[in-house]
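So the sequence shown is numbered by the working numbering: it starts at -3 and just counts up by one.
Backbone N, C-alpha and C fix where the C-beta goes; we use that ideal spot for every residue, glycine too.
Keep in mind it's a predicted model, so treat the numbers as computed, not measured.
Have a look at the structure below, then the notes.
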Amino acid sequence: MIAGLLFGFLPLAVWLYLLLFRAGFWRMRERDTMPVPVPASWPRVVAVVPARNEADVIQHSLASLIAQDYPGEFHIILVDDQSDDGTGELARALDPARLTVLTGAPRPKGWTGKLWAMQQGCEQARTRAAEFIWFTDADIAHSPDNLRNLVARAEQDGKVLVSLMARLNCRTTAEHFLIPAFVFFFDMLYPFGAVNDPKRRIAAAAGGCMLVRRAPLEAAGGISAIRGEIIDDCAMGRMMKARGPIWLGLTNRSVSLRPYPHVSDIAHMVTRSAYAQLSYSRLLLAGTLLGLALMYLAPVATALFAWGISQLAGWLAWILMAVMFVPILRFYRLSWLWGFALPLIGVFYAAFTLQSAIQHWSGRGGMWKGRAQATEIKATERKATEQKTRETRADPS
-3 MIAGLLFGFL PLAVWLYLLL FRAGFWRMRE RDTMPVPVPA SWPRVVAVVP
47 ARNEADVIQH SLASLIAQDY PGEFHIILVD DQSDDGTGEL ARALDPARLT
97 VLTGAPRPKG WTGKLWAMQQ GCEQARTRAA EFIWFTDADI AHSPDNLRNL
147 VARAEQDGKV LVSLMARLNC RTTAEHFLIP AFVFFFDMLY PFGAVNDPKR
197 RIAAAAGGCM LVRRAPLEAA GGISAIRGEI IDDCAMGRMM KARGPIWLGL
247 TNRSVSLRPY PHVSDIAHMV TRSAYAQLSY SRLLLAGTLL GLALMYLAPV
297 ATALFAWGIS QLAGWLAWIL MAVMFVPILR FYRLSWLWGF ALPLIGVFYA
347 AFTLQSAIQH WSGRGGMWKG RAQATEIKAT ERKATEQKTR ETRADPS
C-alpha cells in the first residue's frame, strides 16, 4: 500500500514541480521571433566554422553564410580540421572574397577537435578586428536574415552571447520519436528562461549557432579556458554569462542539414556527451537512471497496474507529462498524441545515457569523427595532475 502510494504520488509531485517551478521550460516561449530594435550601427562580424569531414553538407552551409544580407562588414573563416574527404577543396570552390579556408594545425593534447578549430578561427578573427565572432557548425544552414537578427539581439542590452537552438531534422519515424524530446530534455536541464535571466546562475548555449562578443570572450580566457570540454557549448554559456547577459532560444532561421534516419544515429549524438554531463560519476549515473525510472516508468506502471488513488495519480502524471510535451511537438509540427509516448522515449534516453557510460569505460568516450576525445582529455588531465604533484613534492615551499 505504501509503495503504491509512493510510486503513484512521487512522480506526480515531480511533474507538478517541473510544471510550476522550472521557469516554464516546457512552454518553449524563448524564440527569435520576438522583435528587437535595429542597432544604430552594424559591428564587424567574422563567422568561424569548424569542419571535419563535412563534404556532404559544407557547400550548402557555407552558401547560406555567403548569402547573409548583413549590412555591416562580414567575413567567413572555415577551419578544415584535418579532413580527408575533400571538405577543404569543396569550400575553396566558393566565393574567395567572402570566405577564407584555413587548413587546421595538428590538435594539441588537452584540446577537443572542435574547440581547437574554433581557437584557430578566433586568432584569424582577431586580425580582422571583429567585434563579434559567429561560431556556427558546418552542418547548419541559415536564413539570409539570421546574422542581422543575431546582432540586433546582441546589441540590445549589450549581450555578450546570443545562441540559437537550431531546428533539427524531423522527418523519419526515428526523428519523430526522439528529436523533439532531445530539445525538451535540454530545456528541462537548462531552462531557456532561466538562462536568459541575468539574476539566475544557470547558463547554457547551443553550439550550432553562437554569436559571441570578442572582447569579453578574450577577457574570460578565450577558447583556451574551455579547451577540454566535451559539452563545449554549455561551457561557453557558463563562461560568458560570468561576463554579461546572454540569450538562448529556439529558431527556424538555423536549420540542421544532418539527417538522423535511424535510432542509432540519434543514439550516437546523445552518447557522445551524456556521461560527460554527469561528470563521469558512477554515483550520478545511478541516481539519474533511478530518477528517470521514477519519472517515466512509475507513472505508466501505476496507471496500468495499480488501483484506487495510486492509479489515479499515475494517470495524472502520465497525462501531465504528455501535455507539457505538446509545445515542442507543435514546434516540430507533430501530433499531440506523441506526448503519450514520452515514457517510452524516456526509457530510450536512459539507455543512451548508460551506453555513454559504457563507451567511456571501454575507452571510447566522447567519440566524434573517429576521436575518443573524453578518454584523451582525461588522460591529459591525469598526467598534468601527476606532474603538479611531483613538482609540489620536490618544492614543498
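For residue i, does the count of other Cβ atoms within 10 angstroms reach 16, so buried, or fall short, so exposed?
| i | result |
| --- | --- |
| R196 | exposed |
| M161 | buried |
| A346 | buried |
| T422 | Only positions -3 to 393 of the chain appear in this structure, which leaves residue 422 out of reach. |
| A299 | buried |
| V34 | exposed |
| M30 | exposed |
| L286 | exposed |
| A125 | exposed |
| R163 | buried |
| F128 | buried |
Can you pull the DSSP bridge partners for residue i?
| i | result |
| --- | --- |
| V42 | H71 and I129 |
| M161 | L246 |
| A137 | V251 |
| A47 | D76 |
| V343 | Answer by DSSP bridge pairing: none, since V343 is not bridged. |
| R149 | Paired residue(s): none; R149 is not in a bridge. |
| R27 | L246 |
| T96 | I73 |
| V208 | I129 and L157 |
Considering only the alpha carbon of each residue, which of the options lies closest to residue i?
| i | options | result |
| --- | --- | --- |
| D77 | V42, L95, V319 and G117 | G117 |
| S269 | Q115, I226 and I242 | I226 |
| T169 | W357, S331 and E127 | S331 |
| V10 | G361, A313, W357 and Q351 | A313 |
| V251 | C205, R278, P241 and I219 | C205 |
| L74 | T298, S57 and A63 | S57 |
| A89 | L16, A59 and M291 | A59 |
| W112 | G240, A47 and I175 | A47 |
| L293 | A337, S277 and L281 | A337 |
| F188 | I219, L246 and G310 | L246 |
| A202 | H172, I175 and C230 | C230 |
| V53 | P255, R25 and P212 | P255 |
| N165 | N248, D28, V45 and S37 | N248 |
| D153 | A125, A121, I198 and D193 | D193 |
| R27 | F178, N142 and G310 | N142 |
| A148 | A51, E119 and L207 | L207 |
| L290 | P257, N49, L340 and V156 | L340 |
| A87 | F173, L174 and L61 | L61 |
| D228 | L174, A200 and L213 | A200 |
| F348 | W311, P295, G310 and D261 | D261 |
Hey, how far is the Cα of residue i from the Cα of residue j?
| i | j | result |
| --- | --- | --- |
| G84 | M114 | 16 Å |
| L333 | P102 | 49 Å |
| G4 | I315 | 13 Å |
| R40 | A263 | 39 Å |
| R329 | G335 | 13 Å |
| V32 | V158 | 13 Å |
| G224 | K110 | 10 Å |
| L279 | V319 | 31 Å |
| W243 | A215 | 19 Å |
| I324 | M317 | 12 Å |
| D133 | Q64 | 16 Å |
| K437 | G342 | Here the chain has residues from -3 to 393 only, and residue 437 is not among them. |
| V259 | A297 | 25 Å |
| P7 | Q307 | 12 Å |
| W130 | R360 | 30 Å |
| Q273 | L185 | 10 Å |
| G106 | Y13 | 40 Å |
| S275 | P92 | 42 Å |
| L16 | F321 | 14 Å |
| S393 | S220 | Caution applies to S393, whose pLDDT of 45 falls short of 50 and renders its modelled position unreliable; the value that the coordinates give is listed next. Spanning the two alpha carbons is a distance of roughly 29 Å. |
| S37 | R234 | 28 Å |
| R122 | V191 | 28 Å |
| S277 | S358 | 15 Å |
| G82 | G100 | 14 Å |
| N145 | P67 | 11 Å |
| H356 | V44 | 30 Å |
| G240 | K155 | 6 Å |
| A51 | W303 | 57 Å |
| I72 | P257 | 30 Å |
Can we say the region 351 to 358 touches the region 254 to 270, given the rule of at least three CB pairs closer than 8 Å?
In short, these stretches touch, since the Cβ pair count reaches three.
For the structure I just gave you, are there three or more beta carbon pairs, one from the region 137 to 149 and one from the region 86 to 101, closer than 8 Å?
The region 137 to 149 vs the region 86 to 101: no contact.
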